[in-house]
Amino acid sequence: MILADTGFFIALGNNRDRDHKRAIQIISTLNEPLITTYPVITETSYLLARDAGLIVQFAFLSEVANGIFPVFDFQKHHITRMVELMRRYANLPMDFADASLVVLAEHLGHGRILTSDRRDFNIYRWNNTNLFENLLIA
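The sequence shown begins at -7 in my numbering and counts up by one.
This is how it looks when you write it as structure tokens:
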């Protein structure tokens, strides 16, 4: 499974996004399922409505409801870890959606991600030492 961040979903849904063509290319040739988190879905929904319109937002949320990709179900200890990560990266700062993806990477045991957040995911480390592999800009 490949982690999917807000920026990837925005690039898919907004043809004015700088990564739109690359995101379309990736999604059309992807051989692995995507996985994301509810904080990412919340952030994506808001930004799609703001930047691409309600029709695009509704289409995205319909895909989520149809189960096109799994959404990670956090437990209490995951939230504790997210707060720890947000404190560690407070100078960036790290938001809740990004922290949720770091925790998901730790759960899955890999950092393969689709994100337009070039700066932050080059800095973040899963399990404190492991780099993310950004497949959107690879």
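All C-beta atoms, glycine included, are put in the ideal place defined by N, C-alpha and C.
If you run the structure through DSSP and keep just helix, strand and coil, what is residue i?
i: ARG8; result: coil
i: ILE129; result: coil
i: ALA142; result: Any property of residue 142 remains undetermined from this structure, which presents the chain solely from -7 to 130.
i: LEU77; result: helix
Please state if the CB of residue j and the CB of residue i are separated by a distance shorter than 8 angstroms.
i: THR131; j: VAL75; result: The question about residue 131 has no answer here: the residues shown for the chain are numbered -7 through 130.
i: VAL48; j: ALA89; result: no
i: THR36; j: PHE52; result: yes
i: ASN120; j: GLY103; result: no
Quick check: what's the CA-CA separation for residue i versus residue j?
i: ILE105; j: ARG79; result: 22 angstroms
i: ILE129; j: PHE1; result: 14 angstroms
i: GLY45; j: HIS69; result: 36 angstroms
i: ASP43; j: TRP118; result: 30 angstroms
With DSSP as the reference, please indicate the residues paired to residue i in a beta bridge.
i: THR28; result: VAL63
i: ASN122; result: TRP118
Would you grab the beta carbon distance between residue i and residue j for me? Rounded to a whole angstrom, and I think it's under 8 angstroms.
i: MET(-7); j: LEU100; result: 6 angstroms
i: THR(-2); j: LEU39; result: 7 angstroms
i: ILE19; j: LEU(-5); result: Between LEU(-5) and ILE19 the Cβ distance is about 14 angstroms, and since that is not below 8 angstroms, they are no contact.
Step through the CB atoms of chain D and report whether any lies within less than 8 angstroms of the CB of residue i.
i: PRO31; result: No chain D is present in this structure, which holds just one protein chain.
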